[in-house]
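Engineer:
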Amino acid sequence: MEEDIAKLQVLPEVQDKARLVMEAGLKLSRQAQARATEQLRTRTEEDKAVSRAHDELNTRVYGLRSEHERLKADVARLRAESAAQDEKLSTLSTIFEQMQEDKQLWAAERELFAEEAAEAIEMVMLKADGGQIKLQELWRRQDEQFAVLKKEAKELRDEETENKIVALWDAQITRPVGEVENAASITTWTEMRTVVAHDFHIEAGIAFGNLRTFAPQHLRVRRQLRPEFSQMKVSDVPFAKGLYRSAWYCTSDSNTVCVAKKFHLEITFEKDNECALKVIYTTILAEMFARAFTAALRSAMDAAGADSEGDEDWTPWRVSYLIPSLVKDGNRVWLVEEMLPEFHRWSDNATRFVLNEEEGRVLAAFTHWSYHHSGQRLIVTDHQGFSSGTRQLRMTDPSVHLLHADFQSLVHYNDGNNEEQGRHDFEDGHTCTPWCQLLGLEHMEAPPAQDTDADNDEE
Ligand SMILES: [Zn+2]
Ligand SMILES: [Zn+2]
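Numbered per the numbering used here, the sequence shown spans residues 213 to 671.
#1: In chain order, what residues of the same chain have a beta carbon less than 8 Å from the beta carbon of residue 573, not counting five sequence neighbours either side?
#2: Which residues in the same chain as residue 233 place their Cβ atom closer than 8 Å to its Cβ, once the five residues preceding and following it in sequence are excluded?
#3: For ligand 1, is there a heavy atom less than 7 Å away from the beta-carbon of residue 577?
#4: Who are the Cβ neighbours of residue 400 in its own chain at under 7 Å, not counting the five residues just before and after it?
#5: Alpha carbon to alpha carbon, what distance is there between residue 469 and residue 445?
#6: Just mark residue 543 as buried or exposed, buried being the case when its beta carbon has 16 or more other beta carbons within 10 Å.
#7: Note down the Cα distance separating residue 386 from residue 560, rounded to an integer number of angstroms.
#8: Quick check: the stretch 471 to 488 against the stretch 428 to 437, are there 3 or more CB pairs under 8 Å?
#9: From the DSSP output, which residues share a beta bridge with residue 655?
#10: Sort 332, 624 and 464 by Cα distance to residue 359 and report the nearest one.
#11: What are the residues that DSSP puts in a beta bridge with residue 544?
#12: If we ignore side chains and look at the alpha-carbon of each, how far apart do residue 613 and residue 514 end up?
#13: So if DSSP puts residue 300 in a beta bridge, which residue, or which two residues, is it bridged to?
#14: For residue 558, report the span of its alpha helix (DSSP H) as first-last.
#15: Tell me which residues share the same chain as residue 490 and place their Cβ nearer than 6 Å to its Cβ, disregarding the 5 neighbours each side in the sequence.
#16: What's the call for residue 642, buried or exposed, on a 16-neighbour Cβ count within 10 Å?
#17: Where do the N-terminal and C-terminal ends of the alpha helix (DSSP H) with residue 579 fall, by residue?
#18: Hey, out of 428, 237 and 581, whose CA is closest to residue 493's CA?
#19: Pairs of beta-carbons, one from the stretch 626 to 634 and one from the stretch 543 to 559, closer than 8 Å: are there three or more?
#20: Looking at residue 545: is its Cβ nearer than 8 Å to the Cβ of residue 407?
#21: Going by DSSP in three states, residue 533 sits in which element: helix, strand or coil?
#22: Roughly how far, in whole angstroms, is the beta-carbon of residue 495 from the beta-carbon of residue 533, given that I think they are within contact range, below 8 Å?
#23: The beta strand (DSSP E) that contains residue 449, what's its start and end?
#24: So who's on the other strand from residue 458, going by DSSP bridges?
#25: Who are the near neighbours of residue 516 in its chain, counting only those whose CB is closer than 7 Å to its CB and skipping five residues on each side?
#26: Is there at least one non-hydrogen atom of ligand 1 closer than 7 Å to the beta-carbon of residue 590?
#27: Provide the residue span of the beta strand (DSSP E) that contains residue 412, from first to last.
#28: Can you tell which of 313, 654, 245 and 285 has its C-alpha closest to the C-alpha of residue 584?
#29: Helix, strand or coil: which one does DSSP assign to residue 591?
#30: Classify residue 608: buried if its beta carbon has 16 or more other beta carbons within 10 angstroms, exposed otherwise.
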């Protein structure tokens, strides 16, 4: 600036003034420059701040954008997930519905299966029971056939009808009845198959006072194996034939000759076994009454004997039954009894008695006694067996007419149980003997013969 002033070549005062002006200008210029610089600086700072703010905003925007994107992605994912869940739910719902349907189907199927199973079981049982059913049908038909014949026999009461029944049984027997007089004449014996034999014994200690309420379940019977019968042989032909059973000679291991009886029909082992047991128990029942009768008769005779003069035979009568053994020869059932030295018959099962013999009169009293002392619940009859000659009667094969439900367990079709017809025959046909009177039984007298035959109008 000094140079410039010098160049002016003006007066020093002017120069001073110029100097002053120049200095002032310079000062102003510097101030302006400083201001400009300051302004620039300030502007720069502002710019920087703005830029920073801009950057920050940018960053934030970027961040927000990123977050937005992320959120968008999340939303998309969630939507996708939700859709997937919806789909799953829909699938599950479908499955559930399917299961519900299946469940109903299963329930229906189960019901159907239960029915089918029941049918199948029934079929199996039918198959298993086929034989049984056929047999039952056979038995039923035979029972019917037999009932008709039995009814006819009762109505007609003639030998012709009984012969028809025998003929029916005959048809069932493959071997003919031989003319066998006695066991000694038998030359051919058939060996029985595997034999199992049982004896039946009445237990001791039976009270006789309660015969009016006595029933099969009160019988105390012991069943005992008989090993000595293991080698039994039976005659080739029967020696006697009744309505229901045929009688054959047989021998035990010790060669004792016995009587073996079997049912003609031989329906099945089980059926024959059942009937045989009922025959045994019926015989035991008759034996119970025979023991009580023997005791009662002895008491009555003792009491009467005290008043008698003494030359009459006053030995008490004794009545007892042969209790058959049950013998199983393979699938065949036999009733085996001791063989009696002689065989006699004093009444039939319609209680018609041989009254011109003392045995017949005693046994008629036994029949009356059994009816009275059983409380009119049974009648023991069909008296046959052996009389010892010493007033001992060894009886076999009784018919017991069962008149009360107490004895239902003994009822079977292969026997002479005539039930109410038996009562009818007895009440119409019995005439008391002196033995009835001795026993204090209420007097009975049959009407004249022509009345007993025409008795259908009475009832
Ligand atoms: Zn009598
Ligand atoms: Zn009558």
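Glycine residues also receive a C-beta, built at the ideal position from the N, C-alpha and C atoms. All values reported here derive from a predicted model rather than from experimental measurement.
Structural biologist: Looking at the atomic coordinates:
#1: The count along the sequence shown starts at 1 and reaches residue 573 at position 361. Same-chain partners within the cutoff: 565, 567, 645, 646 and 647.
#2: Here residue 233 is taken as the residue at index 21 of the sequence shown, counted from 1. A distance below 8 Å between beta-carbons, with the five flanking residues on each side excluded, links residue 233 to no residue of its chain.
#3: Numbered from 1 along the sequence shown, position 365 holds the residue referred to as residue 577. True, at least one ligand heavy atom lies under 7 Å from that Cβ.
#4: Against the sequence shown, residue 400 aligns to sequence position 188. Spatial neighbours of residue 400 in its own chain (CB-CB distance under 7 Å, excluding positions within 5 residues in sequence) are listed in chain order as 448.
#5: Position 233 of the sequence shown, counted from the start, is the residue given in the question as residue 445. Position 257 of the sequence shown, counted from the start, is the residue given in the question as residue 469. A direct Cα-to-Cα measurement between residue 445 and residue 469 gives close to 10 Å.
#6: Counting from 1 along the sequence shown, the entry for residue 543 is found at position 331. An exposed status is given to residue 543, since fewer than 16 other beta-carbon atoms sit within 10 Å of its beta-carbon.
#7: Within the sequence shown, residue 386 is the residue found at index 174, counting from 1. Within the sequence shown, residue 560 is the residue found at index 348, counting from 1. Note that residue 386 scores 43 on pLDDT, short of 50, meaning its location in the model is unreliable; the coordinates nonetheless yield the value given after this. Across the structure, residue 386 and residue 560 are spaced so that their CA atoms are roughly 28 Å apart.
#8: Because the criterion of three Cβ pairs below 8 Å is not met, the stretch 471 to 488 and the stretch 428 to 437 do not touch.
#9: Indexing the sequence shown from 1 puts residue 655 at position 443. Beta-bridge pairing links residue 655 to no other residue.
#10: Residue mapping note: residue 359 aligns to position 147 of the sequence shown, counting from 1. If we check each option's Cα against that of residue 359, 624 comes out closest.
#11: Here the question's residue 544 lines up with position 332 in the sequence shown. The partner list for residue 544 (beta bridge, DSSP) reads 541.
#12: Here residue 613 refers to the residue found at position 401 of the sequence shown. Here residue 514 refers to the residue found at position 302 of the sequence shown. C-alpha separation (whole angstroms): 30 Å.
#13: Residue 300 sits at position 88 when you count from the first residue of the sequence shown. Residue 300 is not bridged to any residue.
#14: Against the sequence shown, residue 558 aligns to sequence position 346. It is not in any alpha helix (DSSP H) - residue 558 carries neither H nor E in the DSSP assignment.
#15: Position 278 of the sequence shown, counted from the start, is the residue given in the question as residue 490. Once the five neighbours on either side are set aside, the close Cβ partners of residue 490 are 622 and 624.
#16: Taking the sequence shown and counting its residues from 1, the one referred to as residue 642 is at position 430. It is buried - the Cβ of residue 642 has at least 16 other Cβ atoms within 10 Å.
#17: On the sequence shown, residue 579 is found 367 positions in, with the first residue counted as 1. Where residue 579 is concerned, the enclosing alpha helix (DSSP H) stretches over 570 to 585.
#18: Taking the first residue of the sequence shown as 1, we reach residue 493 at position 281. Closest by C-alpha distance to residue 493, out of 428, 237 and 581, is 428.
#19: Short answer: they don't touch.
#20: Position 333 of the sequence shown, counting from 1, holds the residue named residue 545. Position 195 of the sequence shown, counting from 1, holds the residue named residue 407. Note that the C-beta distance between residue 545 and residue 407 is not below 8 Å.
#21: Here residue 533 is taken as the residue at index 321 of the sequence shown, counted from 1. For residue 533, the three-state secondary structure derived from DSSP is strand.
#22: Your numbering for residue 495 matches position 283 in the sequence shown. Your numbering for residue 533 matches position 321 in the sequence shown. The Cβ separation is near 5 Å, so the contact holds.
#23: Sequence index remark: in the sequence shown, residue 449 carries index 237 (1-based). For residue 449, there is no enclosing beta strand (DSSP E), as DSSP marks it with neither H nor E.
#24: Start at 1 with the first residue of the sequence shown, and residue 458 comes out as number 246. Paired residue(s): 453 and 474.
#25: In the sequence shown, residue 516 corresponds to position 304, counting from 1. If we look at residue 516 and ignore the five residues flanking it on each side, its Cβ neighbours are 650.
#26: Translated into the one-based positions of the sequence shown, residue 590 becomes position 378. Within the chosen limit of 7 Å, ligand 1 does not reach the beta carbon of residue 590 with any heavy atom.
#27: To locate residue 412, count along the sequence shown from 1; it is residue 200. Per DSSP, residue 412 belongs to the beta strand (DSSP E) from 407 to 414.
#28: On the sequence shown, position 372 is the one that residue 584 refers to. Closest option to residue 584, Cα to Cα, is 654.
#29: Indexing the sequence shown from 1 puts residue 591 at position 379. Shown here, residue 591 sits in a strand according to DSSP, grouped into three states.
#30: Here residue 608 refers to the residue found at position 396 of the sequence shown. Residue 608 is buried by the Cβ-count criterion.
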